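> Each residue of the sequence shown is one higher than the last, beginning at 68 in my numbering. Built from N, CA and C at the ideal position, the CB exists for glycine as well. Since the model is a prediction, treat every value here as computed from it, not as a measurement. One structure, pasted below without further comment.
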Amino acid sequence: MTPDQQTSTDAEDHVRIFDTTLRDGEQAPGFSMDRRAKLRLAHALEALGVDIIEAGFPQASPDDFAAVSEIAGMLRNATVCGLARCQPGDIETTARAIEKAQRSRIHVFLSTSPLHREHKLGMSKQQVIDTAVRSIELARGLCHEVEFSAEDALRTEPEFLVEVFNAAVAAGATTLNAPDTVGYTTPGEMGELFAYLRRHVQGADKVIFSSHCHNDLGMAVANSLAAVSAGARQVECTINGIGERAGNAAMEEIVMALKVRAPHFGVDTRIDTRKLYPTSRLLSLLTGQNVPRNKAIVGENAFAHESGIHQHGMLKHRGTYEIMHPQDVGIAETKLVLGKHSGRHALRSRLQTMGYTPDDAEMENIFARFKALADKKREVHDDDLEAIALGHDPEAVGPWHLVQLNSSSHLGGSASASVRLSHEDGTEIGEAAIGDGPVDAVLRAIERATGTPLELTNFQVRGVSEGGDAQGQAQLTARNQDREWRGQAISTDIVEATALAALVIVNRIARQAPTTGTHPKVQGAVA
Ligand code: KIV
Ligand code: ZN
68 MTPDQQTSTD AEDHVRIFDT TLRDGEQAPG FSMDRRAKLR LAHALEALGV
118 DIIEAGFPQA SPDDFAAVSE IAGMLRNATV CGLARCQPGD IETTARAIEK
168 AQRSRIHVFL STSPLHREHK LGMSKQQVID TAVRSIELAR GLCHEVEFSA
218 EDALRTEPEF LVEVFNAAVA AGATTLNAPD TVGYTTPGEM GELFAYLRRH
268 VQGADKVIFS SHCHNDLGMA VANSLAAVSA GARQVECTIN GIGERAGNAA
318 MEEIVMALKV RAPHFGVDTR IDTRKLYPTS RLLSLLTGQN VPRNKAIVGE
368 NAFAHESGIH QHGMLKHRGT YEIMHPQDVG IAETKLVLGK HSGRHALRSR
418 LQTMGYTPDD AEMENIFARF KALADKKREV HDDDLEAIAL GHDPEAVGPW
468 HLVQLNSSSH LGGSASASVR LSHEDGTEIG EAAIGDGPVD AVLRAIERAT
518 GTPLELTNFQ VRGVSEGGDA QGQAQLTARN QDREWRGQAI STDIVEATAL
568 AALVIVNRIA RQAPTTGTHP KVQGAVA
């Protein structure tokens with residue numbers, strides 16, 4: 068360990084986890100979330116123990132602004148952060164978006180590398196410094212704390228980076244972030260840069276140094292950990308490592324590396340690691356993107372020991388092939404099977420073992436769905452429970468509900484489906500349609516019944532548990548009025564799962580654009 072490496076194991080000393088899943092992660096293709104999904108994830112991130120949640124980029128769109136503002140009003144413990152370019156309009160918009168936060172942070176960023184200065188900004192070094200200073204000074208008066216990011220810091224002249232950071236500290240920034248924007252650096256270089264910054268930036272002991280690594284060369288986590296070893300006390304990362312291009316540093320990997328290798332790093336985070344797996348699964352559900360099986364910490368194979376030699380070793384002593392316990396990250400070790408005679412208490416306690424802590428209202432809904440499933444399926448496994456617990460979106464209920472569904476298909480012929488839906492205004496409507504397969508027929512019938520056109524752009528079905536009576540999860544993406552909408556649902560019947568997922572989308576569209584009075588189709592029907 069060099070003299071610049073952080074050696075303190077002081078209980079107060081900890082690595083702040085700055086989660087940017089809702090900003091850098093969400094802006095990556097395939098990972099966009101609607102407002103309710105963002106709120107749900109923000110809630111889970113706070114329960115996970117994240118210190119700072121970057122909730123979005125409020126100037127990007129009215130939707131982003133609204134999501135950041137709702138998150139700021141909802142969270143109690145985490146600092147809520149909004150991203151802003153070094154422009155007065157961005158900074159003022161961001162300040163308004165986060166004004167309700169218990170603790171608010173504006174994150175201003177400006178490129179500092181020669182390539183970006185010349186080709187992106189067309190600014191001299193002095194102009195970069197002046198712009199950063201003006202922006203930080205403006206932001207400082209509008210929130211509790213200001214973070215400054217020197218975009219493309221790892222390709223910036225280190226002496227100039229020190230100059231910029233000196234000016235940033237003098238202007239009032241309390242967190243200095245050195246992003247590896249293009250995922251170019253190596254752990255050795257990262258360590259050297261952070262050690263250099265801590266030696267040369269004036270007032271280095273009064274600010275927090277932060278890393279923000281992209282994964283273009285697969286080194287984002289290693290680079291983040293190298294920064295921590297060299298004194299960084301904030302790490303910017305995302306759940307499942309989602310983010311621009313090859314992604315950002317994966318939070319679960321950084322957190323578990325610091326925990327499992329505690330004697331090596333000598334500094335920990337405040338994350339409740341037993342919530343890592345449930346949070347990873349929630350993100351996967353909300354974005355409709357599966358986690359690769361072999362993904363470290365949260366992949367399906369992360370704790371599976373298939374080879375005979377490994378299994379033999381594990382039976383003799385777990386430590387032979389296991390460096391952490393599945394329970395440490397929220398994967399329940401023992402598989403307990405529940406059935407139709409299991410009560411609320413057993414269900415709640417099983418959910419808790421699995422890292423889910425629903426409130427009373429959510430528990431009622433989960434229990435009802437559990438009972439309905441137990442009636443259809445003799446054994447309810449952990450995977451089933453997880454699907455029920457995650458799939459329960461209190462906001463995704465109504466105005467439409469599925470009352471009845473019939474579908475039939477014939478080899479070589481068209482398929483037909485009929486649905487009966489109820490609306491929360493008390494009306495019921497039935498429609499039938501034919502289609503190119505039962506899924507298409509069901510979607511057409513729902514379109515007709517609700518008067519909501521759905522252009523299907525993606526459709527996936529996967530089994531969520533084992534056995535012939537396994538539940539299937541349907542994930543749909545559909546376009547409606549130039550927007551993509553995503554819905555997912557589970558059932559032991561995949562056509563029903565598809566219908567329910569389509570209704571999630573229809574309901575989201577209906578809530579986004581409420582009609583005055585009843586919906587057009589029912590108005591027509593009752594007129
Ligand atoms: O990668 C990057 O440089 C960023 C900044 C906005 C922090 O995401
Ligand atoms: Zn980034």
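Straight-line CA distance for residue 585 to residue 574?
As a first step, residue 585 must be located in the sequence shown, where it is residue number 518. As a first step, residue 574 must be located in the sequence shown, where it is residue number 507. With a pLDDT of only 33 at residue 585, under 50, the local geometry of the prediction cannot be trusted, and no value is derived from it.
> At a cut-off of 7 Å, would you count residue 547 as near the ligand KIV, judging by its Cβ distance to the nearest heavy atom?
As a position in the sequence shown, residue 547 is number 480, starting the count at 1. No.
> Under a CB-based cut-off of 8 Å, is residue 383 close to chain C?
This model lacks chain C altogether, as it is built from one protein chain only.
> Look up residue 142 in the DSSP assignment and say whether it is helix, strand or coil.
The residue labelled residue 142 in the question sits at position 75 within the sequence shown. Here residue 142 sits in coil by DSSP.
> Among the residues of its own chain, which have a CB less than 6 Å from the CB of residue 443, if the five just before and after it don't count?
By 1-based counting over the sequence shown, the position of residue 443 is 376. Excluding sequence neighbours, residue 443 sits near 559.
> Exposed or buried, what is residue 449 when buried is set at 16 or more other beta-carbons lying within 10 Å of its beta-carbon?
Along the sequence shown, one-based indexing puts residue 449 at 382. Classification of residue 449: buried, given that the 10 Å Cβ count is 16 or more.
> Since residue 247 sits in a beta bridge, which residues does DSSP pair it with?
Taking the first residue of the sequence shown as 1, we reach residue 247 at position 180. In the DSSP output, where bridge partners are listed per residue, residue 247 has 280.
> DSSP three-state call for residue 157: helix, strand or coil?
For this step, residue 157 is matched to residue 90 along the sequence shown. Residue 157: helix per DSSP, three-state reduction.
> Of all the options 403, 131, 97, which has the alpha carbon lying nearest to the alpha carbon of residue 106?
For the purposes of this step, residue 106 is identified with residue 39 of the sequence shown, where counting begins at 1. Minimum Cα distance to residue 106 is reached at 131.
> Beta-carbon separation of residue 519 and residue 544 under 8 Å?
Residue 519 sits at position 452 when you count from the first residue of the sequence shown. Residue 544 sits at position 477 when you count from the first residue of the sequence shown. In this structure, residue 544 does not lie closer than 8 Å to residue 519 by Cβ.
> Do the CB positions of residue 80 and residue 274 come within less than 8 Å of each other?
As a working mapping, residue 80 is identified with position 13 in the sequence shown. As a working mapping, residue 274 is identified with position 207 in the sequence shown. No, Cβ-Cβ distance for residue 80 and residue 274 is not below 8 Å.
> Helix, strand or coil, according to DSSP, for residue 412 in the structure here?
Position 345 of the sequence shown, counting from 1, holds the residue named residue 412. It is helical.
> Need the endpoints of the beta strand (DSSP E) that residue 579 sits in, please.
On the sequence shown, position 512 is the one that residue 579 refers to. That residue, residue 579, is in no beta strand (DSSP E); its alpha helix (DSSP H) goes 561-579.
> May I ask you to report which of helix, strand or coil DSSP gives residue 355?
Position 288 of the sequence shown holds residue 355. Coil at residue 355, not helix or strand.
> At the level of alpha carbons, what is the spacing between residue 506 and residue 562?
Here residue 506 refers to the residue found at position 439 of the sequence shown. Here residue 562 refers to the residue found at position 495 of the sequence shown. Using only the alpha carbons, I get a separation of about 6 Å.
> DSSP on residue 398, reduced to helix/strand/coil?
If you number the sequence shown from 1, residue 398 lands on position 331. If DSSP states are grouped into helix, strand and coil, residue 398 belongs with coil.
> Under 7 Å from any heavy atom of the ligand KIV, does the C-beta of residue 279 make it?
Counting from 1 along the sequence shown, the entry for residue 279 is found at position 212. Under cutoff, so the answer is yes.
> Going by the beta-carbon positions, is the gap between residue 151 and residue 126 smaller than 8 Å?
Numbered from its first residue, the sequence shown carries residue 151 at position 84. Numbered from its first residue, the sequence shown carries residue 126 at position 59. For residue 151 and residue 126, yes; Cβs fall inside 8 Å.
> Buried or exposed: residue 367, going by 16 or more other Cβ atoms within 10 Å of its Cβ?
As a position in the sequence shown, residue 367 is number 300, starting the count at 1. So residue 367 counts as exposed.
> Heavy atom of the ligand KIV less than 7 Å from the Cβ of residue 125, yes or no?
In the sequence shown, counting from the first residue as 1, residue 125 sits at position 58. The answer is no for residue 125.
> I need the DSSP call for residue 367, collapsed to helix, strand or coil.
Looking up residue 367 in the sequence shown gives position 300. Coil.
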